[in-house]
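Asker: Protein chains in written order, with the numbering used here: chain L, 1 to 201; chain F, 1001 to 1201.
Just passing along the structure, written as structure tokens.
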DNA sequence: GAGAAAACTGCGGGCCACGCATCTTTGCGT
DNA sequence: ACGCAAAGATGCGTGGCCCGCAGTTTTCTC
């Protein structure tokens, strides 16, 4: 497909991004679907042609990121050990992008605060988790292809995918609460998982 | 508090159970909050005093089950290795209860089919995942107490809890899709996880 | 350039979630 | 046993979300 599908993706991304920006600034319940649609220049009705709910629009970026991890995993060199590939891909995925580093300090703190408030909304938490769960399917297939296991019948690739998402969730939760870097948290989490999560001492 | 709180829990449980029964029978969108409230003998307004949404009411039983796992984990003998305790508790939790085995075959199949349709509803998937995530906190604390790690500052117990929930999700998904027993799936999943999820061969 | 397919839009309705005010029940102290 | 204060249950009203439907506009294909 060509220009048509491209426009659609652009609109979808714009809607998701607009939703996030507005909600981070104003708060979830103080942003109406109408506002988001207006920001992008579409009718409110069209918003619901793209997303089944306000929450889904917000979580779309997260879903997209997770699904890209699956692609990135397939792109790793064939000989590389699985967990090295996984670590590389996850670290790459959560490397702070230009939309973060480009802003000056005060902006970034306000953003972090707003983001934190946003992710405290139950409906959003639920939708973020669902996005992760949906991406698990693609992740599992990628892992399956890499390890010669069938994601449909074998639980191994499913477990690996589920564990990746779980590690990511734990890492981001601790990242927002504490002062560690996302990289540190992810590396440590993956390390412990590949060791089989033995009790300390 | 005594009798008062007890009545509340009873009503809450009754509402959740009624929601599940009706939705399994009729489908999510064909059951109104009004119906659930009527089934229990409460006003529709009261329903929303107990649950913030229809989906939350449905997922409540799941949340309760997951939280009980944390309690059960604390109740295991002190000397038992952590992962043995976890396996024991999870197997016990997902042992088919009397509400399943008491029904004759045709009923049980209809129930399974209805349950499958119910869990296909996006809003419900999201809420189930959120319930699991909420229980992770209690689980992590229980693991922390058992291993002498602080769930607030150390990611180890959090990772264990998150992994437990992930294993459970993968197991139940495969249980509903295939013909394996929940026990088999859980044992296999926990085995692979404690081995560090090494790629096969 | 014309027809077909697909997307956007406006309208309308059903339902849900919740704030508020009121009434009823429960627990407790005397 | 009685009554008071706290907490729960209820009714009403409102704002907002989500979606079906039908009509219009845009885009793809030939």
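Using N, Cα and C, we set each Cβ at its ideal position, and we do this for glycine too.
Small disclaimer: the values here were computed from a predicted structure and weren't measured.
Using a threshold of 9 Å, state whether the C-beta atoms of residue 192/L and residue 1159/F are closer than that.
Answerer: Residue numbering aside, residue 192/L sits at position 192 when the first chain is read from its first letter. Residue numbering aside, residue 1159/F sits at position 159 when the second chain is read from its first letter. Yes, they are a contact pair.
Asker: Can you find a CB in chain F that lies within less than 9 Å of the CB of residue 93/L?
Answerer: The residue given as residue 93/L occupies position 93 in the first chain. It does not; no Cβ of chain F falls within 9 Å.
Asker: Check the Cβ of residue 1248/F against every Cβ in chain L and list those closer than 7 Å, keeping chain order.
Answerer: Residue 1248/F lies beyond the stretch modelled for chain F, which goes from 1001 to 1201, so this question has no answer here.
Asker: Check the Cβ-Cβ distances between residue 195/L and every residue of chain F, and say whether any is below 9 Å.
Answerer: Reading the first chain from its first residue, position 195 is the one you call residue 195/L. True, the Cβ-Cβ gap to chain F drops below 9 Å.
Asker: With distance defined between alpha-carbon atoms, name the residue in 1155/F, 1063/F, 1008/F nearest to residue 1046/F.
Answerer: Here residue 1046/F corresponds to residue number 46 of the second chain, with the count starting at 1. Answer by Cα proximity: 1008/F.
Asker: Return the chain-ordered ranges of every alpha helix (DSSP H) run that is complete within the segment 52-131 of chain L and spans a minimum of 4 residues.
Answerer: Qualifying alpha helix (DSSP H) stretches, in chain order: 54-74, 82-93, 98-101, 105-118.
Asker: Could you check which residue in 1101/F, 1076/F, 1083/F, 1108/F has the C-alpha nearest to that of residue 1188/F?
Answerer: Your numbering for residue 1188/F matches position 188 in the second chain. Cα-wise, what sits closest to residue 1188/F is 1083/F.
Asker: Decide if residue 1095/F is buried, meaning its Cβ has at least 16 other Cβ atoms within 10 Å, or exposed.
Answerer: The count along the second chain starts at 1 and reaches residue 1095/F at position 95. With fewer than 16 Cβ atoms within 10 Å of its Cβ, residue 1095/F is classed as exposed.
Asker: Which residues in the same chain have their Cβ closer than 8 Å to the Cβ of residue 145/L, if we skip the five residues on either side of it in sequence?
Answerer: As a working note, residue 145/L is residue 145 in the first chain. Closer than 8 Å at Cβ, skipping near neighbours: 74.
Asker: How close, in whole Å, do the beta carbons of residue 1119/F and residue 133/L come, if the pair is a contact with beta carbons under 8 Å?
Answerer: Sequence index remark: in the second chain, residue 1119/F carries index 119 (1-based). Sequence index remark: in the first chain, residue 133/L carries index 133 (1-based). That pair is no contact at about 12 Å.
Asker: Between residue 163/L and chain F, is any beta-carbon pair separated by less than 9 Å?
Answerer: To locate residue 163/L, count along the first chain from 1; it is residue 163. Closer than 9 Å: yes.
Asker: With a threshold of 16 other CB atoms inside 10 Å of the CB of residue 176/L, please say whether the residue is buried or exposed.
Answerer: On the first chain, position 176 is the one that residue 176/L refers to. Exposed: under 16 other Cβ atoms inside 10 Å.
Asker: Cβ of residue 146/L less than 9 Å from any chain F Cβ?
Answerer: One-based indexing of the first chain puts residue 146/L at position 146. Cβ-Cβ to chain F under 9 Å: yes for residue 146/L.
Asker: Between 1150/F, 1055/F, 1085/F, which has its C-alpha nearest residue 1028/F's C-alpha?
Answerer: In the second chain, the residue the question calls residue 1028/F occupies position 28. If we check each option's Cα against that of residue 1028/F, 1055/F comes out closest.
Asker: I want to see whether chain F comes within less than 9 Å of residue 53/L, judged by CB atoms only; does it?
Answerer: Position 53 of the first chain, counting from 1, holds the residue named residue 53/L. Yes, contact with chain F.
Asker: Can you list, in chain order, the residues of its chain with a C-beta nearer than 8 Å to that of residue 1154/F? Leave out the 5 residues immediately preceding and following it.
Answerer: Reading the second chain from its first residue, position 154 is the one you call residue 1154/F. Taken in chain order, the residues that qualify are 1144.
Asker: Identify each residue in the segment 22-45 of chain L for which the Cβ-Cβ distance to at least one residue of chain F is less than 9 Å, and report them in chain order.
Answerer: Against chain F - using a Cβ distance shorter than 9 Å - the segment 22-45 of chain L contributes no residues.
Asker: Once you ignore the five residues that flank residue 1204/F on each side, which residues in its own chain have a CB closer than 7 Å to its CB?
Answerer: Outside the modelled stretch of chain F, which goes from 1001 to 1201, sits residue 1204/F, for which no answer is possible.
Asker: Buried or exposed for residue 81/L, going by 16 or more other Cβ atoms inside 10 Å?
Answerer: Indexing the first chain from 1 puts residue 81/L at position 81. Answer is exposed; the Cβ neighbour count stays below 16.
Asker: Distance check for residue 78/L and residue 1190/F, CA to CA, integer angstroms please.
Answerer: Start at 1 with the first residue of the second chain, and residue 1190/F comes out as number 190. Start at 1 with the first residue of the first chain, and residue 78/L comes out as number 78. Residue 1190/F and residue 78/L: Cα-Cα distance of roughly 28 Å.
Asker: Can you grab the Cα-Cα spacing for the pair residue 147/L / residue 1200/F, in whole Å?
Answerer: Position 147 of the first chain, counting from 1, holds the residue named residue 147/L. Position 200 of the second chain, counting from 1, holds the residue named residue 1200/F. About 7 Å.
Asker: State yes or no: is the C-beta of residue 1171/F within less than 9 Å of the C-beta of residue 1182/F?
Answerer: Walking along the second chain from the start, residue 1171/F turns up at place 171. Walking along the second chain from the start, residue 1182/F turns up at place 182. Cβ atoms of residue 1171/F and residue 1182/F: closer than 9 Å.
Asker: Less than 9 Å between the C-beta atoms of residue 1162/F and residue 169/L, yes or no?
Answerer: Position 162 of the second chain holds residue 1162/F. Position 169 of the first chain holds residue 169/L. In contact: residue 1162/F and residue 169/L (Cβ atoms closer than 9 Å).
Asker: Considering only their Cβ atoms, is the gap separating residue 1124/F from residue 1038/F smaller than 9 Å?
Answerer: Translated into positions along the second chain, residue 1038/F becomes position 38. Translated into positions along the second chain, residue 1124/F becomes position 124. In this structure, residue 1124/F does not lie closer than 9 Å to residue 1038/F by Cβ.
Asker: Counting only beta-carbon atoms, is residue 127/L nearer than 9 Å to chain F?
Answerer: Start at 1 with the first residue of the first chain, and residue 127/L comes out as number 127. Yes - at least one Cβ of chain F is within 9 Å of the one on residue 127/L.
Asker: Taking Cβ-Cβ distances shorter than 7 Å, what residues in chain L pair up with residue 1169/F?
Answerer: Taking the first residue of the second chain as position 1, residue 1169/F is located at position 169. Per Cβ cutoff of 7 Å: 162.
Asker: Report buried or exposed for residue 1049/F, applying the criterion of at least 16 other Cβ atoms within 10 angstroms of its Cβ.
Answerer: Along the second chain, read from residue 1 onward, the residue named residue 1049/F stands at position 49. Under this definition residue 1049/F is an exposed residue.
Asker: Just tell me which of 135/L, 194/L, 20/L, 126/L has its CA closest to the CA of residue 1156/F.
Answerer: Here the question's residue 1156/F lines up with position 156 in the second chain. Comparing Cα positions, the closest option is 194/L.
Asker: For a quick check, are the C-beta atoms of residue 90/L and residue 186/L less than 9 Å apart?
Answerer: By 1-based counting over the first chain, the position of residue 90/L is 90. By 1-based counting over the first chain, the position of residue 186/L is 186. A contact, by the Cβ cut-off of 9 Å.
Asker: Buried or exposed for residue 62/L, please, with buried defined as at least 16 other CB atoms from any protein chain shown within 10 angstroms of its CB.
Answerer: Stepping through the first chain from its first residue, residue 62/L is reached at position 62. Residue 62/L should be labelled buried.
Asker: Is DSSP giving residue 1149/F helix, strand or coil here?
Answerer: On the second chain, position 149 is the one that residue 1149/F refers to. Looking at residue 1149/F - three-state DSSP - the assignment turns out to be coil, as it is neither helix nor strand.
Asker: Going by C-alpha distance, which of 1098/F, 1010/F, 1179/F, 1126/F is nearest residue 1041/F?
Answerer: Taking the second chain and counting its residues from 1, one reaches residue 1041/F at position 41. The shortest Cα separation from residue 1041/F among 1098/F, 1010/F, 1179/F, 1126/F belongs to 1010/F.
Asker: For residue 3/L, count neighbouring C-beta atoms within 10 Å of its own C-beta (all shown protein chains included) and say buried if the count is 16 or more, exposed if not.
Answerer: Along the first chain, read from residue 1 onward, the residue named residue 3/L stands at position 3. Exposed is the call here.
Asker: From what residue to what residue does the alpha helix (DSSP H) around residue 1042/F run?
Answerer: Start at 1 with the first residue of the second chain, and residue 1042/F comes out as number 42. From DSSP, residue 1042/F is part of no alpha helix (DSSP H); its letter is neither H nor E.
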